[in-house]
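Here the structure comes first, spelled out in structure tokens, and everything after it is commentary.
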């Protein structure tokens, strides 16, 4: 049974699954032919009721329970089932204890950004009563702790919602559970973790719970269990077990709650008496019919299509082998011997989960970074609870498949993962052992980010030389791979200042690059500036500065104290003396070559000027009285549209310029205004600004600057082209320049651009290189009056690119809303050659 379409290989079954054809057929029949109301007593109703009750019997059979042991309740999904179980438990306990003053039970605090009810057990249950607990596993799906917190608060229950810790393998701390369960009102654990696939030893957990508290109600999230492990609930003391239809090839909108006979059920929705009084409202008969068809597949041994455990394990091993070949630095985030064979959770050193997601998606492989219920790609709370390093948590990828997957799908997935490896080599994210790989040249500015911290690289393809500015330790492998793959030679590895939140990895990079680090890069200067630069030039404020030459451009260095005492600004751009060839020399009359404000295309100012703010000047190494002069001097050295490349990007703004910052930052604007403020006034206001910086307890990085709380995010009249409006726009405005901001490793997999209405492939400017191309785009927009339209996979990066362009003075700009994902006429084909992609760089 091959669910893979011609466009995708779906490996995100823990998020959802395609609908089984038999399930779709059963749902269709329930809508078109057996559409009666199960509560009606006529023939149509009786037929509908039989669908409902036969499905209930099937569920009992698959879960190993009888009607005497417990009941099956159909819900809208697992989330509702979880709510129903928790609500029922707390309602019964409240009724048993009697009412108490709710004002003492609603004092909400926050720990690790998760709300929980404070210790109010004494006040709520009597002066001498010990506090009570609602326990849940630290790696539970968020639906569980959030439901506990929600009903604990709304019902004024007054217990403390507490996470049971896990070890590095994801297993519950049974000692902690044993200590706390005697005072627990409810315990929630899970059968299989949705992110890691770790299987909980439910027999051990049961023994621990029942030894100390035989009567406590116990819920087991069983959403990922059906079809993967044997669930014989009748032989356990599990009180509630929620299940979800769309995780096992049924449609979304149908779920099951198993409730042990002794477990209370208090309906969340009253009225009508459906589900034997447990859930009001007419049943979702098509959903019930569909999930029954899936359950039938599990019970029909002769025609059973669900794979056995050994087959699934063989599939997992084949995928892991191919992944390790593609990513030599891959690490698995959960032990295989205690994990479901249908889940692989891994991280790759030097890669963020966002990069890997985009790469897999471009290759037509659908994976995720964890739970699908999160809207943003962030660190995994599951892996953090397991104590894994931050890079593993923030770079985690979950590859999951269902028990109906076929050999053909596994083979196709392995082939595409192999192609992903070639894409990585061509884009220099991995140094290829194959000499035949056609590497894509890099020429210009590259921005690498880790969290809020930026590293900048300047490449000159003609001279095969580069400069590295503010290298971040976490990015060192990526930097080294890029330089080695490009066979470029590092002139210098520079820091703008001595960083307090991280150390410079200059020494490590010098060792890693070996002969690719030129002698000029080896020096004892604190910030890495070579002892023998290529010469000196005169800056716009008539001061003399040393410079390094990179192709036909120069990088000048000048001191910029304030944020720290030892701090430099690096100014980069061509000079007015024409196209440079060879080493720059002073003029014949001995006067130095000048670098005017208009010459400076990029300014690397460290943390002096940030997007929407200024760098701190209250560190022990700061010199606040110097920052005032440094800010004034910057305005004399660069022009209002010079691109400022900061070390920290707290707003995800990528880059900025003085013109934009003067509208965002009142203090900076006042310093640079003609009326201005004097130094004493500046120091007073700057101290007040720094005092407003708050450092969260769970933050690992020091905040190096204040960013205004009232940043103007207005971007004017950005053009937003809907998915059906692109061809119309191109026909009306042929002068539109479409820019693809996906990364090179994504567009290694070609697209049928003509089918999507493009006359030719868009220009490619990867988002990591967008900052370097802003001056060129400014010229195209102003001089040629061209509209710049950005494009990416989902519309998020293209929207960000349009904002960056707007902030830096490009007014006729927009993006394709929804990106390539919503353009159904675009089809993924095969690896393409470099000739299929146009470059601005």
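Residue numbers (the working numbering): 13 to 853. Just so you know, even glycine gets a beta-carbon here, dropped at the ideal spot from N, CA and C.
In the DSSP assignment, residue 355 falls within the beta strand (DSSP E) that extends over 355-360. Under the DSSP assignment, residue 469 falls in the beta strand (DSSP E) whose first and last residues are 465-472.
Under DSSP, residue 477 takes part in a beta bridge, and its partners are 472 and 501. Residue 285 sits exposed, since fewer than 16 C-beta atoms from the chains shown fall within 10 Å of its C-beta.
Counting along the chain, residue 543 sits inside no beta strand (DSSP E), nor does DSSP assign it H or E at all. Between residue 471 and the set 146, 503 and 75, the nearest pair of CA atoms involves 503. By the Cβ criterion, the region 616-624 is in contact with the region 659-667, since at least three pairs of Cβ atoms, one from each stretch, lie closer than 8 Å. Beta-bridge partners assigned by DSSP to residue 491: none are found.
The region 244-256 makes contact with the region 209-226; the number of CB pairs closer than 8 Å reaches 3 or more. Closest by C-alpha distance to residue 605, out of 558, 143 and 687, is 558.
Runs of the beta strand (DSSP E) lying entirely within the region 155-205, each at least 3 residues long, are 172-176 and 196-202 in chain order.
Using a 10 angstroms sphere on the CB of residue 349, the tally of other CB atoms stays under 16, which defines it as exposed. Setting aside the 5 residues that flank it on each side, residue 77 is surrounded in the same chain by 245 and 246, each with a C-beta closer than 6 Å to its C-beta; the list follows chain order. In the three-state scheme derived from DSSP, where H, G and I count as helix and E and B as strand, residue 440 is classed as coil.
A residue is called buried once 16 or more other Cβ atoms fall within 10 Å of its Cβ, and residue 154, having fewer, is exposed.
Restricting attention to 105, 259 and 803, the CA atom closest to the CA of residue 198 is found in 105.
Contact between the region 541-549 and the region 463-477 is absent, with fewer than three C-beta pairs closer than 8 Å. Here residue 158 is buried: its Cβ has 16 or more other Cβ atoms, across all protein chains shown, within 10 Å. Each residue's CA atom was taken as its position, placing residue 267 and residue 178 some 28 Å apart. For residue 297, the closest C-alpha among the options 161, 402, 40 and 800 is that of 40. Of the candidates 822, 799, 368 and 827, the residue whose Cα lies closest to the Cα of residue 812 is 827. The Cβ-Cβ distance between residue 107 and residue 145 does not fall below 8 Å. 8 Å or more divides the Cβ of residue 641 from the Cβ of residue 717.
Going by DSSP, residue 233 is part of no alpha helix (DSSP H) but of the beta strand (DSSP E) stretching over 229-233.
In the assembly as shown, residue 419 is an exposed residue. Its beta-carbon has fewer than 16 other beta-carbons within 10 Å. If one requires a minimum length of 4 residues, the alpha helix (DSSP H) runs lying completely within the region 620-652 are 636-649, in chain order. Nearest C-alpha to residue 465 among 394, 487, 456 and 429: 487. DSSP links residue 253 through a beta bridge to 270. The straight-line gap separating the alpha-carbon atoms of residue 824 and residue 331 is approximately 46 Å. Residue burial is scored here from C-beta neighbours: residue 410 has at least 16 other C-beta atoms within 10 angstroms and is therefore classed as buried. Residue 569 has 582 as its beta-bridge partners, per DSSP. Beta bridge pairing from DSSP links residue 615 with 583 and 656.
It is roughly 56 Å from the alpha-carbon of residue 214 to the alpha-carbon of residue 539.
The three-state reading of DSSP puts residue 536 in coil, since its state is none of H, G, I, E or B. Under the three-pair Cβ rule at 8 Å, the region 178-196 does not count as touching the region 84-92.
Only residues of its own chain outside the window of five on either side were considered, and among them 568, 612 and 615 have a CB closer than 6 Å to the CB of residue 583, listed in chain order.
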